[in-house]
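In the working numbering, the protein residues as written are 157 to 714.
Backbone N, C-alpha and C fix where the C-beta goes; we use that ideal spot for every residue, glycine too.
Right, one structure below, let's go through it.
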Amino acid sequence: MTDQIKRSKVEIIKADSHNLRGAIKQQLAEEATFFPEESVQLLKFHGIYQQDDRDDRKSLKDSGQMLDYSFMVRTRNPGGYAPAAFYLAMDHLADRLASGTLRVTTRQGLQLHGVHKLHLKEVIAEINKSLGTTLGACGDINRNVMAPPAPFTAKPYAVARQTAEQIAELLTPHTGAYFEVWQADEKVFSSQEEFEPIYGKTYLPRKFKIAVAVEGDNSVDIYTQDLGVVPIFNIHEKLTGFNLTVGGGLGTTHANPATFPRKADHLGFVTPEDLLAAVKAVVSVQRDFGDRYNRRHARLKYLIHDQGIDWFHSKVEEYLGKPLQPWFPLKPWVFEDYLGWHPQGDGRYFLGLWIENGRIKDEGTFRLKTALREIVERFQCDLLFTPTQNVLLTSILADQRQEIDAILATHGVRTAEAVSNAERYSMACPAWPTCGLAVTESERALPGVIDEIGAKLADLGLSGEAISIRMTGCPNGCARPYMGEIGFVGSGTNAYNIYLGGNLASTRLNWVFREKVKREEILPVLGPIFEAFKQERSPEESFGDFCLRKGREALLTV
C-alpha cells in the first residue's frame, strides 16, 4: 500500500468528517447563504455543488456585497434511467425551488441549478421521495455508472443495463450520513464509527468513472472512463464474461504538462461470476495507491501512467486472487445517439429527442419542458438520459406515437430530422454563469458557433457530414472535448484552444491545433480547413480522419 505521508487538505477533511457528516447538518440550520470550505467538499459526496452567479461576481465583490450563492443538485441515475414519477418530481422542483430548467448531464444524470441553501433539504427530500438519489453523484467516489441508453430488449442491452445497476449498488457508500443529514429527524445523529468495506475512511483519492458498453456501441465513450466494462456473448447469446478497460480520463490543467487527457488501456477479461470482484479490485488498487497529496495527479490514469499497465494488471490480479484472462477481440466501435423513433423489441417504441446542450427549458415559443411534462404525465412513460445529453421517451404504444408527435410540434420541439448534423453531434458543458471552474462561456457560446459552422458546411455541400463538436469552458473535460473531431477548450475569457483529429466513434484522442483563439476567430480559423476537406478528402473519409491524415503542420498552412 502507499507509504505517502503528505495529504491534501481535502484528504484531511474527509478523514475528519465522520464518514461524510462533518458539520453539514448543523450548518443547514444557520442563516448563512453558503457553507464553509470543509462542508463544500463534503457536500459533493451528497451530490451538491456550491456555486455563485459568475455574471454578477465582479460587481458584487467590487461593491463589497455578498456573492449570490446557490447550489447545483445532481442526481445519480445508473444507465440514465429516470422513472416517470422521478422526472415529474424534478420538473416540479425546477419550477418551485430552482432556476426553472433541468439539465441532462454527460454522465446520464440530471441537474437542478439555482437552489438556495434554505431549500436544499426540501429538494433532497422530494428527490428521495420519488425514489431518486443524489448520493455519490459527485465527490471522491464512484460517480454515475453509464450504460447505452437504448431500451432495446435484446440481451446485450439488457445485460449492460443490469450490470450498470449492479456496479452502482456495489459501489454505493455505506455511510448513514446521507440519511441523517437529509431525511432523519433533527435529533438523529450517529456517533458510532462506521465501516466502508470498499472505500475506507477517506474514500478514493479522486472521482472514479465507470461505464458499461455493448460491443460495437460506443455511446458511452468507454475509452474516457476510469473503468470500462463490455459484456461478451457467444454465438448462442450466452454471456461468457466481460472485457475491462482502465485508465481513461480527460481532465487536464493549462500550462501543466504533468496533466493530460488519457485514453483507456485494455486490461483483460473476467468471467461473469468474477466481474464484481474485479471491479472491487480495480477500485481498491486506486484507493490504496492513488495520489492523495496532489489532486491534479490523483486520477487512476496517472497511477497507470506512472506505474505502467503491466504493474496495474499484476496488482489487480493480486487483489482479485486469480489471473485475468486475455482481452477478447471486439468488432469495431461506432457511435449511436438513438434520436427519432425506434422499436424496442417488445412491441413498443422509444423516441429520442435532441436536447440542445442538455438544457430542458421553456423559452419563447420553444416549450420543451412543458411538452415533456405533458407527455410524461399523460402516458406515464419512463425516460432515459443519454451520454450526449439527450432524452429518450420509452415504452410507447404504436397508437400513441401520433399524439406525442403532435404535442412536440405544438410546443415547438423539433424532430430528429429537423436537427442539423452540426447541432446533433455537438455538446457543451454549462460553464458560465454557474460553474466555478469555467474560464469562459460554453453552453451559451456553442449554439452561435454551431450556427456559423453549420452555415459554412452547408455552403460547401457538407451539411450531411456527421462531425462531433464538443466545447468546455475549462480544461477539465466534462463534455469530453478531447475525443471530438473538433474540440473547443476554454483557455481564457472569450478564448479557446481548438483540438482536431478525434473521431465520431470516440476511439482516439485529438490534438491541439491552435491555442487561445478568440470566439469571433473560430470560423475564420476553421473555414479554410473545411474547404480543404471538401477538396482533398479521400472517398468516405471523415473530417476527423482527414485532419489526422493531414496533420497539424499541414493544416496550419491551408
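Between the beta-carbon of residue i and the beta-carbon of residue j, is there less than 8 Å?
i: F541; j: L266; result: yes
i: F699; j: E621; result: yes
i: I378; j: T401; result: yes
i: L199; j: Q206; result: yes
i: Q264; j: P304; result: no
i: L524; j: D518; result: yes
i: V595; j: G633; result: no
i: E429; j: N513; result: no
i: T521; j: L539; result: no
i: V376; j: P488; result: no
i: V315; j: L383; result: no
i: A572; j: G496; result: yes
i: D296; j: Y225; result: no
i: H269; j: T257; result: yes
i: G332; j: E350; result: yes
i: G403; j: A420; result: yes
Between residue i and residue j, how many whole angstroms is the CB-CB distance? I'm expecting something under 8 Å.
i: R362; j: G446; result: 7 Å
i: Y638; j: Y655; result: 6 Å
i: L679; j: I606; result: 11 Å between Cβ atoms; not a contact.
i: R469; j: L486; result: The sequence shown places His at residue 469, rather than the Arg named in the question. Not really, about 19 Å apart at Cβ, beyond 8 Å.
i: V472; j: I511; result: Actually they do not touch by this definition, with Cβ atoms about 38 Å apart.
i: G235; j: A310; result: So it is not a contact: roughly 15 Å between Cβ atoms.
i: N374; j: V490; result: 7 Å
i: Q536; j: V260; result: Q536 to V260, Cβ: 20 Å. No contact.
i: V645; j: I685; result: With a Cβ gap of about 17 Å, V645 and I685 do not count as contacting.
i: H461; j: R418; result: 7 Å
i: R670; j: V681; result: 6 Å
Taking residue i as the reference, give the member of the options with the closest Cα.
i: E641; options: G657, P631 and A635; result: G657
i: H202; options: V337, A434 and R263; result: V337
i: R232; options: I465, T289, Q463 and T319; result: T289
i: G99; options: V714, P482, S582 and E533; result: Nothing in the structure corresponds to residue 99, since the chain is present only between 157 and 714.
i: A185; options: A254, L276, G568 and E709; result: L276
i: L476; options: W483, V668 and V441; result: V441
i: A635; options: A614, V668, T550 and A587; result: A587
i: D247; options: I531, Q339 and N298; result: I531
i: D466; options: K311, A437, H422 and R451; result: H422
i: Q381; options: G407, L395 and T550; result: G407
i: A433; options: I354, Y359, R452 and T590; result: I354
i: D212; options: S619, P589, F398 and R452; result: P589
i: K674; options: F242, N577 and E597; result: E597
i: D172; options: G424, A554 and S195; result: S195
i: Y243; options: R670, W483, K285 and G503; result: K285
i: F389; options: Y313, F416 and F351; result: Y313
i: I283; options: E393, N300 and A238; result: A238
i: D341; options: D555, Q182 and K612; result: Q182
i: N577; options: A611, G270, H272 and F308; result: A611
i: G405; options: E559, L704, G707 and S662; result: S662
i: P603; options: D615, L616 and M627; result: M627
i: T262; options: D493, F484 and F398; result: D493
i: G501; options: L553, E474, F484 and R529; result: L553
i: W667; options: F308, G397 and G707; result: G707
i: R557; options: L507, R317 and L682; result: L507
i: L223; options: D208, A179 and E371; result: D208
i: L326; options: E349, G424 and R299; result: R299
i: E278; options: M302, A324, L253 and L268; result: L253
i: T427; options: I180, S624, W483 and T649; result: W483
i: I560; options: L704, R529 and L274; result: R529
Need the endpoints of the beta strand (DSSP E) that residue i sits in, please.
i: K674; result: W667 to K674
i: Q481; result: Careful: Q481 lies outside any beta strand (DSSP E) and carries neither H nor E.
i: D615; result: Segment L602 to D615 is the alpha helix (DSSP H) holding D615; no beta strand (DSSP E) there.
i: V229; result: Y225 to R230
i: D701; result: Unbroken run through D701 is the alpha helix (DSSP H), F699 to K706; no beta strand (DSSP E).
i: I560; result: It is not in any beta strand (DSSP E) - I560 instead sits in the alpha helix (DSSP H) that spans R557 to T566.
i: L155; result: What is shown of the chain runs 157 to 714, which leaves residue 155 out entirely.
i: R570; result: Neither: R570 is in no beta strand (DSSP E) and is coded neither H nor E.
i: V260; result: L258 to V260
i: I642; result: I642 to G648
i: R626; result: I625 to T628
i: F686; result: No beta strand (DSSP E) holds F686; the alpha helix (DSSP H) holding it covers I678 to E692.
Locate the alpha helix (DSSP H) running through residue i, then write down its first and last residues.
i: N577; result: N577 to R580
i: M302; result: No alpha helix (DSSP H) contains M302, which DSSP labels as neither H nor E.
i: S195; result: E193 to L199
i: T526; result: L524 to F535
i: D208; result: Per DSSP, D208 belongs to no alpha helix (DSSP H); it is in the beta strand (DSSP E), I204 to D208.
i: H272; result: Counting along the chain, H272 falls outside any alpha helix (DSSP H), and DSSP gives it neither H nor E.
i: L276; result: L276 to K285
Say the cut is 7 Å; is the CB of residue i nearer than that to a heavy atom of the ligand NAD?
i: N450; result: With respect to the ligand NAD, the structure shown offers nothing to examine, as it has no ligands at all.
(request) Could you pull out every unbroken beta strand (DSSP E) segment of at least 3 residues lying fully inside the segment 392-469, listed in chain order? (result) 395-402 and 421-426
(request) Tell me the start and end of each unbroken beta strand (DSSP E) in the segment 305-383 that is at least 3 residues and wholly inside, in chain order. (result) 366-368
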